[in-house]
Structure formats: structure tokens, C-alpha cells
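Asker:
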Amino acid sequence: MQLKEKVIFITGGAQGFGRGVAEAVLKKGAKVCIADVNADLGEATTRELQASSGPDYVLFVKCDVSDATVFEDAFKAAVSKFGHIDIMCNNAGILDERIWEKQLEVNFGGVVRGTMMALNHMRKDKGGRGGVIINTASIGGLLPSFWFPTYAGSKSAVNHFTASWANNPDMKSAEVRFVSICPSGAETGLLESLQDKILNYDHFKQFMERSKYCRVDQVVQAFLLAMEDDTINGTAITIKLKEGVQKVKMSLVPIE
Ligand SMILES: NC(=O)c1ccc[n+]([C@@H]2O[C@H](COP(=O)([O-])OP(=O)(O)OC[C@H]3O[C@@H](n4cnc5c(N)ncnc54)[C@H](O)[C@@H]3O)[C@@H](O)[C@H]2O)c1
Numbered sequence: 006m007q008l009k010e011k012v013i014f015i016t017g018g019a020q021g022f023g024r025g026v027a028e029a030v031l032k033k034g035a036k037v038c039i040a041d042v043n044a045d046l047g048e049a050t051t052r053e054l055q056a057s058s059g060p061d062y063v064l065f066v067k068c069d070v071s072d073a074t075v076f077e078d079a080f081k082a083a084v085s086k087f088g089h090i091d092i093m094c095n096n097a098g099i100l101d102e103r104i105w106e107k108q109l110e111v112n113f114g115g116v117v118r119g120t121m122m123a124l125n126h127m128r129k130d131k132g133g134r135g136g137v138i139i140n141t142a143s144i145g146g147l148l149p150s151f152w153f154p155t156y157a158g159s160k161s162a163v164n165h166f167t168a169s170w171a172n173n174p175d176m177k178s179a180e181v182r183f184v185s186i187c188p189s190g191a192e193t194g195l196l197e198s199l200q201d202k203i204l205n206y207d208h209f210k211q212f213m214e215r216s217k218y219c220r221v222d223q224v225v226q227a228f229l230l231a232m233e234d235d236t237i238n239g240t241a242i243t244i245k246l247k248e249g250v251q252k253v254k255m256s257l258v259p260i261e
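Using my numbering, the first residue of the sequence shown is number 6, and each one after it goes up by one.
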């Protein structure tokens with residue numbers, strides 16, 4: 006999909022990967038709705054982006070993806086401002102094993118809510134314009150990760166949910182593609198002050214020092230690939246510092 010004048014809804018867009026994606030698609034002439042639970046930061050980010058892209062190209066809506074009504078209202082506000090949504094990035098996430106139920110509600114519940122809402126809006130067989138749904142998972146959703154079992158479980162669910170939708174035969178006439186993004190560790194807000202939030206913190210720190218953080222711009226590159234390459238569907242895109250961006254097919258067992 007060409008991004009010029011397309012409309013992109015990004016949850017967790019106030020900082021980190023979401024902000025990076027917003028900046029990149031604005032440079033390509035797209036319009037962006039940043040939806041984030043952090044209103045102060047979201048508004049500040051939006052003002053900065055509006056200063057370079059123009060006020061009509063960026064909207065901020067306060068939104069907690071774990072609250073169905075609030076999330077729906079945010080989506081409706083974006084549709085009302087821009088007319089429609091072409092690309093949905095369900096990207097908001099948290100990492101804190103102490104509040105595992107909240108983690109599941111945000112990391113997986115938020116992705117399910119956002120996917121269903123966007124699919125109903127986009128599907129061409131029901132009057133929409135088609136589109137792409139991109140869900141942020143994690144390398145931790147492809148590999149067992151003993152430092153944060155619930156987080157890893159939530160991200161594994163995101164990968165499986167996304168690929169399962171992609172394999173539904175009705176999605177051909179719906180003209181909606183589904184992609185999950187699987188970054189390795191990156192130095193964003195998510196990995197700040199983790200000491201009490203994960204298990205075996207010292208081991209994790211040593212592991213990250215050895216394996217090296219990937220860069221936000223590499224993750225943004227994976228998002229752009231998912232948006233622009235119309236042949237990608239049902240794929241998890243992994244991002245590692247050295248290997249860069251790689252496509253992983255999610256179907257390990259052939260469907261009879
Ligand atoms: N940074 C990493 O190492 C890493 C690696 C793999 C996957 N991820 C995933 O990438 C995504 C983006 O994270 P990031 O690294 O940019 O972190 P970040 O903390 O910098 O940004 C996350 C954003 O999500 C927002 N957010 C949190 N809870 C929310 C909610 N309930 N509703 C709406 N917005 C909410 C935050 O306010 C923040 O702006 C997350 O899903 C995260 O799990 C991050």
C-alpha cells in the first residue's frame with residue numbers, strides 16, 4: 006500500500022516504536038491518529054509532529070486499550086476526523102509481571118479489541134476500503150522467555166491471533182492483511198526501571214548486554230515493510246540488531 010494520504014491509527018503512539026512509526030509515515034505523506042493512555046506525553050508528541058507535518062495530519066486521542074468503550078470512542082473520533090482508517094497499528098504494551106492480569110488486558114486484550122474494531126471498519130466485503138492490521142508482538146512471543154512468562158505468553162497470543170486471522174479464507178474478499186511485528190529488546194520506555202517488574206533481573210541485564218539491543222529505526226523499517234508490501238500476510242517480522250528485519254512464516258503445521 007502506498008502511504009501518501011493514507012490514514013494510520015497507532016496505539017501507544019506517544020513514545021517509543023509508536024512515535025517512530027508516526028514520524029516515518031508522516032514523512033511519506035500519511036495522516037496519523039496517535040492513541041495513548043498518557044495524555045500529557047501524547048499531546049506534546051502530537052504538537053511536535055504537527056509542527057513539521059501540519060495540524061491536519063496528526064490527531065491525538067486519549068485512549069486506554071484495556072477499556073473497550075474508551076477504545077471504541079477513540080477509534081470513532083479518528084474516523085470522524087479523517088473519514089476512515091487504512092492501517093491499524095495495535096502497538097500499546099506494558100511489561101510488569103506483578104500486574105499480570107493488566108498485562109494480558111493491555112497486551113492481548115487491547116490487540117483483540119483493536120483488531121476486531123479495525124476489521125469491521127475496513128473489510129471490503131462489508132462496505133469498507135480494505136486495509137492492513139499490524140500488531141506489535143515480540144521476539145519473546147516466539148521464544149520461551151523465563152524473565153517474563155506472562156508478557157511472553159501475551160505476545161505469543163498476539164502472534165497466533167494475528168496469523169490465525171490472516172489464514173481465514175474470508176479475508177481474501179475482505180482485502181485486509183494481518184502482520185505481527187516481533188522486535189528484540191530495544192531501549193524504549195518499556196525496558197526502563199525493570200528491576201522489580203521481571204524475574205531474574207540481573208540475568209536479563211547480562212543477557213541484553215551480550216545479545217545487544219535493536220534500534221527503534223530498525224523496528225520502524227519493519228512496520229513500513231508490513232504496510233507497503235502487499236504480499237505480506239500472516240507473517241511475523243522479527244527485528245534483531247545484527248540480522249535486521251526478517252520474515253517468519255507462522256504456519257508450522259500445514260492446514261489440511
Ligand atoms: N522495547 C522493547 O524492548 C520491546 C521489544 C519487543 C516488543 N515491544 C513492544 O512494543 C510495543 C511498544 O513498546 P515500546 O517499546 O515503544 O514502549 P514504550 O513504553 O516506549 O511505549 C509504549 C506506549 O504505550 C502506551 N500505553 C501503555 N499502556 C497503554 C494502554 N493501556 N492504552 C494505550 N496506550 C498505552 C504508553 O503510554 C507508551 O506511550 C509494546 O507492545 C511492547 O510490548 C517492545
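All C-beta atoms in this analysis are idealised placements derived from N, C-alpha and C, irrespective of residue type, glycine included.
Opposite I244 in the DSSP bridges: which residues?
Answerer: As a first step, residue 244 must be located in the sequence shown, where it is residue number 239. In DSSP, I244 forms a bridge with P188, V250.
Asker: Quick check on this structure: which residue in W152, S185, E192, V42 has the alpha carbon closest to the alpha carbon of T167?
Answerer: For the purposes of this step, residue 167 is taken as residue 162 along the sequence shown, with counting starting at 1. Ranking the options by Cα distance to T167, first place goes to S185.
Asker: Is the region 8 to 24 touching the region 34 to 47 in the sense that three or more CB pairs, one from each, lie closer than 8 Å?
Answerer: yes
Asker: What residues in its chain sit with their C-beta under 7 Å from that of A73, if we drop five residues either side in the sequence?
Answerer: As a working note, residue 73 is residue 68 in the sequence shown. Result list for A73: R118, in chain order.
Asker: Can you have a look at P60 and say buried or exposed, based on whether 16 or more other CB atoms are within 10 angstroms of its CB?
Answerer: Within the sequence shown, residue 60 is the residue found at index 55, counting from 1. P60 should be labelled exposed.
Asker: Closest to K217 by C-alpha separation, out of G145, N173, E192, would be which residue?
Answerer: As a first step, residue 217 is located in the sequence shown; it is residue number 212 there, counting from the start. Of the listed residues, the one whose Cα sits closest to K217 is E192.
Asker: Determine the extent of the alpha helix (DSSP H) in which G47 is found, giving its start and end residues.
Answerer: The sequence position of residue 47 within the sequence shown is 42, counting from 1. First-last of the alpha helix (DSSP H) with G47: 44 to 58.
Asker: Quick check on L54: buried or exposed, where buried means 16 or more other Cβ atoms within 10 Å of its Cβ?
Answerer: As a first step, residue 54 is located in the sequence shown; it is residue number 49 there, counting from the start. L54 comes out buried.
Asker: Please tell me whether, using a cut-off of 8 Å, the distance from the CB of D41 to the nearest non-hydrogen atom of ligand 1 is below it.
Answerer: Translated into the one-based positions of the sequence shown, residue 41 becomes position 36. Checking every heavy atom of ligand 1 against the Cβ of D41, one is found closer than 8 Å.
Asker: If you measure between the beta carbons of K11 and A35, is that distance less than 9 Å?
Answerer: Residue 11 sits at position 6 when you count from the first residue of the sequence shown. Residue 35 sits at position 30 when you count from the first residue of the sequence shown. Their beta carbons are under 9 Å apart, which means K11 touches A35 by this criterion.
Asker: Pop quiz: C187 and A142 are said to be a contact at Cβ under 8 Å. What is the actual Cβ separation, rounded to whole angstroms?
Answerer: Counting from one through the sequence shown, the residue named residue 187 turns up at place 182. Counting from one through the sequence shown, the residue named residue 142 turns up at place 137. Rounded, the Cβ-Cβ distance is 5 Å, consistent with contact.
Asker: Does the beta-carbon of T243 have 16 or more other beta-carbons within 10 angstroms, so that it is buried, or is it exposed?
Answerer: Against the sequence shown, residue 243 aligns to sequence position 238. When all chains shown are included, T243 counts as buried.
Asker: Enumerate in chain order the residues of its own chain whose CB-to-CB distance from R128 is below 7 Å, with the five nearest sequence positions on each side excluded.
Answerer: As a first step, residue 128 must be located in the sequence shown, where it is residue number 123. Around R128: A179, V181.
Asker: Do the region 129 to 141 and the region 77 to 86 meet, that is, are 3 or more Cβ pairs less than 8 Å apart?
Answerer: The region 129 to 141 vs the region 77 to 86: no contact.
Asker: Grouping DSSP H, G and I as helix and E and B as strand, with all else coil, what is L230?
Answerer: Position 225 of the sequence shown, counted from the first residue, corresponds to residue 230. Helix, per DSSP.
Asker: With distances taken between CB atoms, is the gap from V253 to L147 smaller than 9 Å?
Answerer: For the purposes of this step, residue 253 is identified with residue 248 of the sequence shown, where counting begins at 1. For the purposes of this step, residue 147 is identified with residue 142 of the sequence shown, where counting begins at 1. Contact: yes.
Asker: Note the first and the last residue of the continuous beta strand (DSSP E) segment covering G136.
Answerer: On the sequence shown, position 131 is the one that residue 136 refers to. It spans 136 to 141 - the beta strand (DSSP E) in which G136 sits, taken as one unbroken run.
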